[in-house]
Structures are given as C-alpha cells and as structure tokens.
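Going by my numbering, the sequence shown opens with residue 328, and the numbers climb by one from there. Each residue gets a CB set at the ideal place from its N, CA and C atoms; glycine is no exception. A short worksheet on the structure shown next.
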Amino acid sequence: MRVLITGAAGFLGSHLTDRFLREGHEVVGLDNFITGSPENIAHLTGNERFRFIRHNISDFTYIAGPLEGVLHFASPASPIDYLELPIQTLKVGSLGTLNALGIAKAKGARFFLASTSEVYGDPLVHPQTEDYWGNVNPIGPRGVYDEAKRFAEAVTMAYHRYHAIDTRIVRIFNTYGPRMRPQDGRVVSNFIVQALNREPLTVYGDGSQTRSFCYVDDEVEGIYRLFMNGDAGPTNIGNPDEYTVKELAEIVLELTRSSSEISYQPLPTDDPKVRRPNIERARETLGWEPRVPVREGVARTIEYFRTLLASAQPGTRTVHGSAPLVVR
Ligand code: UDP
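Below, the structure written as structure tokens:
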C-alpha cells in the first residue's frame with residue numbers, strides 16, 4: 328500500500344510511519360513541525376519507501392500519485408500545546424480533516440482519523456464506552472481540542488455516509504513512550520524528566536484524578552489493526568489499567584529511584600476527573616488488547632529520557648525543538 332500520514336513527525340505519527348514501513352508499505356509523511364520534530368523521522372533519511380513533505384494539512388494540499396490510505400494524525404495533542412495554539416488546533420481538526428478527507432475521496436483511499444478520549448470530556452459514564460456522547464465544555468480552554476476532534480468525527484462520518492468513503496475513527500487514550508518531547512507537558516514525560524533532573528514532580532490538584540496509560544507500541548498495534556481490519560464505528564484504543572495521577576508520580580519516583588518531592592500545583596480548567604477506556608469493541612472486532620504493563624512501559628520510557636538527557640550537553644539547550652531544557 329501507499330499511504331499518507333499527516334503529523335508523520337509527531338510522537339504517534341512517527342511510530343505509525345515506522346510500523347507501515349516495517350510492514351513493507353510506502354509512506355508519504357506530512358508535517359509542519361509545529362509540535363512534531365525532524366529528529367523523529369531522521370532515521371528514515373534515505374529510505375526509498377518514505378517521502379517527506381513539510382506542509383500544513385490545514386492549507387490546500389495536493390499529493391501526486393496513488394494512495395490507498397490517508398491517516399490524519401496531525402494536531403497539537405498536549406494540553407499545553409493546544410492552549411498555546413488554539414486556532415491551529417481548531418483548524419487542523421476542521422480544515423485539516425476536510426482536506427485529508429478530500430484527498431482520500433479523490434484517491435479512492437481509506438480514511439483514518441486519530442480522534443481522542445477527550446471527545447468524552449469530563450465523563451459522567453465510567454469507564455467510557457464508544458456509545459457515550461460525552462460531557463464537553465465547548466467554550467472552555469480545552470474545548471479547542473475536544474470540539475475540533477468532535478467536528479472531525481462528525482465530518483468523517485458525513486463523508487462515510489454521503490460519499491461512501493471507507494473510514495475509521497480511533498479514540499486514543501493517554502499514550503506515552505519514547506519520542507515524547509521532554510517539555511511536552513503531558514504527565515508521564517513531565518514526571519520522568521522532573522524525576523531525572525531531581526526537580527519536584529508537579530502534581531496538579533490533589534492528584535486524585537485518574538488516567539489510564541497506554542504504551543506507544545500497544546497503541547500503534549491497535550491502530551494498525553483498526554486500519555487494516557476494522558470498521559467505521561469509533562473504536563477506543565487504550566489501556567484500561569487506571570491510576571490516580573498521584574499513584575503515577577509514586578511509580579515514577581520508585582522506578583527512577585529519585586529523591587524528588589511532590590509539589591502540588593493548581594488543577595487546569597476542566598481537567599477530567601476520571602478516564603478509562605472500555606475496550607470490549609477493540610477486543611471483539613480486532614482481537615486487540617494492550618500487552619505492556621504500566622511499570623514496564625514507564626521503565627522503557629525512563630531509559631529513553633535518561634539517554635536523551637545524558638546526550639545533551641550541560642547547560643541550557645533545546646531538545647526536539649521544544650522549550651529550553653535545563654540539563655544538569
Ligand atoms: N498532570 C499533572 N502534572 C503534570 C502534567 C499533568 O498532575 O505535570 C495531570 C493533569 O492535570 C491531568 C493528568 O495529569 O489530570 C493527565 O494530564 P496530561 O496533560 O498528560 O493529559 P490529559 O489526559 O489531561 O489530556
């Protein structure tokens with residue numbers, strides 16, 4: 328197959344690109360590097376089955392040649408990113424999704440949308456099943472991401488129904504692993520980098536809010552199976568093993584053997600109190616379930632950041648095009 332992956336230089340997009348290439352497919356990768364990084368795809372230089380185009384999918388996009396798949400993964404995905412880039416986030420979920428769907432329609436390709444557990448908002452149903460409509464504040468600061476992804480799901484289903492395009496929607500739950508940026512802002516990378524730098528771990532609120540953390544290899548396996556063998560219904564792909572944020576902080580402290588303390592910080596607006604996927608649909612339709620336990624995945628991610636921080640020169644420098652990282 329020849330597929331287009333938007334956001335190919337991002338955390339998930341680059342792992343997915345690797346997976347398609349490993350399976351023998353050709354990938355056209357698109358990214359504008361606003362949150363993605365050239366370092367995530369640097370190892371693909373010279374790979375004849377990979378072609379990279381630096382471009383914003385929210386602008387008009389023309390891709391030459393045939394395509395069998397269009398996978399739309401471009402979007403800021405960390406709360407601090409989409410708070411800083413609210414308009415770009417809304418555009419890539421709306422205009423970007425329309426452009427990507429237009430390409431899929433023109434090429435007769437299957438379309439795959441990277442959606443999110445954020446469509447459930449601060450959920451009143453727990454764990455979250457795909458038939459739950461969610462509890463989202465459309466005008467809050469998180470609304471730019473949540474509503475963009477909800478619109479993206481709506482327009483994907485409209486193209487499916489009206490234009491008979493073969494479509495997939497994955498709802499991704501908190502995924503972590505190598506290639507997250509040190510200053511990404513999400514909880515797993517924050518805690519690990521803070522613990523390794525012997526800085527306080529910033530727990531927002533009292534740390535009693537829960538998340539369910541999926542290791543990137545498991546997430547990519549679920550996404551690949553959904554693309555190949557799934558159907559048009561939205562599908563949760565995540566690890567149902569649920570932890571409070573405080574428990575996660577303790578796991579990171581234990582696995583890094585760090586003496587960092589916990590520093591309690593204000594809870595961001597509309598921060599969901601609980602989140603856990605019901606994955607029965609993925610189990611039944613794809614035979615998929617996560618395999619990497621949180622302690623193992625976090626240990627692998629610690630090794631990644633340890634190497635990354637050790638390879639940085641002492642002083643202040645930029646890693647992965649992110650905000651300056653203080654390396655001690
Ligand atoms: N969080 C935290 N400390 C941090 C970063 C995040 O306590 O340094 C909390 C955040 O308030 C949320 C949870 O961890 O309750 C997950 O946050 P993240 O930004 O990783 O993703 P979200 O699930 O909110 O999109």
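For residue i and residue j, I'd like the C-alpha separation in whole angstroms.
i: N574; j: A479; result: The sequence given here places Glu at residue 574; Asn does not occur at that position. Rounded to whole angstroms, E574 to A479 spans 33 Å at the Cα level.
i: A335; j: V471; result: 22 Å
i: T634; j: M484; result: 43 Å
i: R378; j: P413; result: 29 Å
i: N426; j: E577; result: 43 Å
i: G392; j: G429; result: 15 Å
i: R644; j: Y542; result: Residue placement at R644 is poorly supported in this model, since its pLDDT is 42, which falls under 50; the coordinates are not used for a value here.
i: L675; j: E588; result: Only positions 328 to 655 of the chain appear in this structure, which leaves residue 675 out of reach.
i: S402; j: T416; result: 6 Å
i: H352; j: N374; result: 12 Å
i: G396; j: D493; result: 10 Å
i: T362; j: I332; result: 15 Å
i: P468; j: T596; result: 7 Å
i: R370; j: D473; result: Correcting the residue type first, residue 370 is His in the shown sequence and not Arg. Rounded to whole angstroms, H370 to D473 spans 33 Å at the Cα level.
i: S364; j: L636; result: 17 Å
i: E411; j: T344; result: 27 Å
i: W615; j: R552; result: 8 Å
i: F360; j: R381; result: 8 Å
i: R349; j: H342; result: 10 Å
i: I499; j: F438; result: 16 Å
i: L398; j: L523; result: 35 Å
i: F554; j: R495; result: 7 Å
i: A464; j: N501; result: Position check: residue 464 holds Asn in this sequence, whereas Ala was assumed. Approximately 20 Å between the Cα atoms of the pair.
i: P593; j: Y531; result: 5 Å
i: T562; j: A609; result: 6 Å
i: L440; j: A559; result: 10 Å
i: R679; j: E607; result: Not covered by the structure: residue 679. The range shown for the chain is 328 to 655.
i: Q536; j: Y389; result: 43 Å
Our contact map puts residue i next to residue j with C-beta atoms below 8 Å; I'd like the distance itself, whole angstroms only.
i: G356; j: I384; result: That belief does not hold up - the Cβ atoms of G356 and I384 are roughly 11 Å apart, past 8 Å.
i: K432; j: Y486; result: 7 Å
i: G549; j: T612; result: Going by Cβ atoms, the distance from G549 to T612 rounds to 11 Å, so no, they are not a contact pair.
i: T571; j: G534; result: 6 Å
i: I407; j: G340; result: Not quite, the Cβ-Cβ distance comes to about 19 Å (not below 8 Å), so this is no contact.
i: R603; j: P509; result: Not really, about 27 Å apart at Cβ, beyond 8 Å.
i: S442; j: V497; result: 6 Å
Say the cut is 8 Å; is the CB of residue i nearer than that to a heavy atom of the ligand MN?
i: R602; result: Annotation note on the ligand MN: not contained in the displayed structure, which lists the ligand UDP as its ligands.
Does the CB of residue i have a neighbour CB from chain C at under 9 Å?
i: I466; result: This model lacks chain C altogether; it includes just one protein chain.
Complete runs of the beta strand (DSSP E) confined to the segment 512 to 553 [at least 3 residues]: 528 to 531 and 537 to 539
contact_flag[the segment 509 to 527, the segment 469 to 483] where n(CB pairs < 8 Å) is 3 or more: no
Alpha helix (DSSP H) runs contained entirely in the segment 387 to 428, provided each spans 4 or more residues: Counting whole runs of 4 or more residues, the segment 387 to 428 contains the alpha helix (DSSP H) stretches 406 to 411.
Contact the segment 453 to 464 vs the segment 411 to 428: 3+ CB pairs below 8 Å: Not touching, per the Cβ criterion.
In chain order, each beta strand (DSSP E) run of at least 3 residues that lies wholly inside the segment 588 to 651: 589 to 592 and 642 to 645
Entirely enclosed alpha helix (DSSP H) segments - the segment 420 to 507, minimum 4 residues: 470 to 490
Three or more C-beta pairs below 8 Å linking the segment 538 to 554 and the segment 613 to 624: yes
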